[in-house]
Amino acid sequence: MPESTEPSILATALHWLAPWEFEPLWGLACLAALGLYWRGVRHLRALDPDVSPLGWLRPATFLIGLTLIYVVSQTRYDYLAQYMFFPHRAQHLVLHHAAPFLLVLAAPPRALAAGLPAWASSAHRLARPLLDRLQHPLIAPLLFVGLIYFWLIPSVHFDAMLSRHLFQLMNWSMLLDGLLFWWLVLTPHGRLGPGKRILLLLVVIPPQILLGAYLTFSPTVLFDVYEVCGRAWPLAPLVDQQIGGLITWIPATMMSVIGTLIVLRQLRRGDQATGHTPSPTRPQAH
1 MPESTEPSIL ATALHWLAPW EFEPLWGLAC LAALGLYWRG VRHLRALDPD
51 VSPLGWLRPA TFLIGLTLIY VVSQTRYDYL AQYMFFPHRA QHLVLHHAAP
101 FLLVLAAPPR ALAAGLPAWA SSAHRLARPL LDRLQHPLIA PLLFVGLIYF
151 WLIPSVHFDA MLSRHLFQLM NWSMLLDGLL FWWLVLTPHG RLGPGKRILL
201 LLVVIPPQIL LGAYLTFSPT VLFDVYEVCG RAWPLAPLVD QQIGGLITWI
251 PATMMSVIGT LIVLRQLRRG DQATGHTPSP TRPQAH
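And the structure:
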């Protein structure tokens with residue numbers, strides 16, 4: 001009888017789940033975020049045991065967001081992101097767009113506030129002036145798009161891919177900026193009204209389209225660092241760059257479109273909650 005392939009499948013799975021370059025800060029951050037969220041959910045349920053404050057969808061979404069961050073930063077996928085351009089762009093799509101998007105949707109302020117320890121309130125007050133500046137309506141979209149452009153400047157990208165510290169700084173900057181931007185534009189009853197939040201979501205679309213189209217249709221290879229270090233797969237450099245350009249272009253743009261639809265839905269639900277629903281036109285009496 002043929003030998004079972006289960007051990008080899010398990011070994012392959014463990015191989016890909018093992019960190020390529022162990023960075024404990026990523027794992028600790030994911031565990032801390034999960035603990036904070038779970039603590040907040042338990043506290044809300046203790047206040048009103050008969051009502052589930054978040055249901056099951058929000059915690060599941062939060063867990064998916066954290067899992068995505070862990071997968072692209074602390075598994076063998078990180079190796080692909082360092083030795084191929086399009087996995088690198090997919091890594092940043094997760095860190096800057098998809099994962100923060102899911103975390104913000106799944107983490108209402110009341111759950112996070114309930115999970116914070118007492119000393120965190122003082123830390124939040126100290127950091128508030130900086131957060132206000134970073135989330136200013138003029139600065140937030142510039143920073144959101146500007147970081148994508150900055151790390152894709154060929155000379156900057158070359159140095160970041162060859163330096164472990166710069167590579168980690170690049171990834172952390174993308175994640176933190178993504179969290180700040182999506183928190184600003186997706187949080188209802190926040191510092192911005194729905195109109196301004198939709199405007200910010202639309203403003204960041206054209207620069208991402210232009211950058212993605214430039215990478216996709218460029219006739220020359222822009223990032224030679226992958227030739228210096230060697231590619232993980234025998235893929236033509238220009239094809240690798242074109243796929244990376246499409247990832248920078250299409251999914252990132254669609255995230256803004258989805259975000260706009262969510263804000264519109266929040267606006268509609270808010271109008272319904274306050275009784276501002278359109279009423280049927282009544283015929284005038286003669």
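All residue numbers for the sequence shown refer to full-length UniProt numbering, where the first residue is 1 and numbers rise by one. For every residue, glycine included, the Cβ atom is placed at its ideal position computed from N, Cα and C. Everything numeric in this text was worked out from a predicted model, so none of it was measured.
Asked                                                                                                         : Found
Whole-Å CB distance - F144 paired with F181, under 8 Å assumed                                                : 4 Å
Other residues of its chain near A213: CB distance less than 8 Å, five sequence neighbours each side excluded : G245 and W249
Status (buried if at least 16 other CB within 10 Å, exposed otherwise) for G65                                : buried
Helix, strand or coil at F86 according to DSSP, with G and I counted as helix                                 : helix
Proximity of S256 and L202 at Cβ, strictly below 8 Å                                                          : yes
H97 at chain D interface by Cβ criterion, 8 Å                                                                 : Protein chain content of the structure displayed is limited to a single chain, and chain D is not contained in it.
Neighbourhood of A106 by C-beta, 6 Å cutoff - its chain only, sequence neighbours within 5 removed            : R58, T61 and F62
8 Å Cβ cutoff met for Q74 and P117                                                                            : no
Cβ separation of A29 and L68, assumed to be a contact under 8 Å, to the nearest whole Å                       : Between L68 and A29 the Cβ distance is about 13 Å, and since that is not below 8 Å, they are no contact.
Helix, strand or coil at F22 [DSSP, three-state]                                                              : coil
Given 8 Å, three or more beta-carbon pairs between the region 225-234 and the region 168-178                  : no
Proximity winner among V228, V104 and M254, relative to I209 (alpha-carbon distances)                         : M254
Nearest residue (CA-CA) to T220, options D240, S8, P207 and V228                                              : D240
Alpha-carbon spacing of I172 relative to L147, whole angstroms                                                : Per the sequence shown, the amino acid found at residue 172 is Trp instead of Ile. For W172 and L147, the distance between alpha carbons rounds to 11 Å.
Supposed close pair V225, L162 - CB separation, criterion 8 Å                                                 : 7 Å
Buried or exposed (CB count within 10 angstroms, at least 16 for buried), V228                                : exposed
Nearest-angstrom beta carbon gap, P141 and L200 [assumed within contact, 8 Å]                                 : 5 Å
N- and C-terminal bounds of the alpha helix (DSSP H) containing D224                                          : Note, D224: premise wrong, no alpha helix (DSSP H); not H, not E.
T216 (DSSP reduced to helix, strand or coil)                                                                  : helix
Nearest residue (CA-CA) to L134, options I262, G193 and G178                                                  : G178
Reduced DSSP category for H97 - H, G, I as helix; E, B as strand; rest coil                                   : helix
Environment of D132 [buried if 16+ CB atoms lie within 10 Å]                                                  : exposed
Sequence-distant residues of its chain with Cβ nearer than 6 Å to G87 (five each side left out)               : A small correction: the amino acid at residue 87 is Pro; Gly does not occupy that position in the sequence shown. If we look at P87 and ignore the five residues flanking it on each side, its Cβ neighbours are L80 and A81.
Residue range of the unbroken alpha helix (DSSP H) whose run includes A160                                    : P154 to L162
Alpha-carbon spacing of L25 relative to L103, whole angstroms                                                 : 18 Å
Simplified DSSP assignment, three categories, for T187                                                        : coil
CB-CB length for I247 against L93, believed under 8 Å                                                         : 6 Å
Proximity test, G244 beta-carbon vs the ligand NAP heavy atom, cut-off 7 Å                                    : Annotation note on the ligand NAP: not contained in the displayed structure, which lists no ligands.
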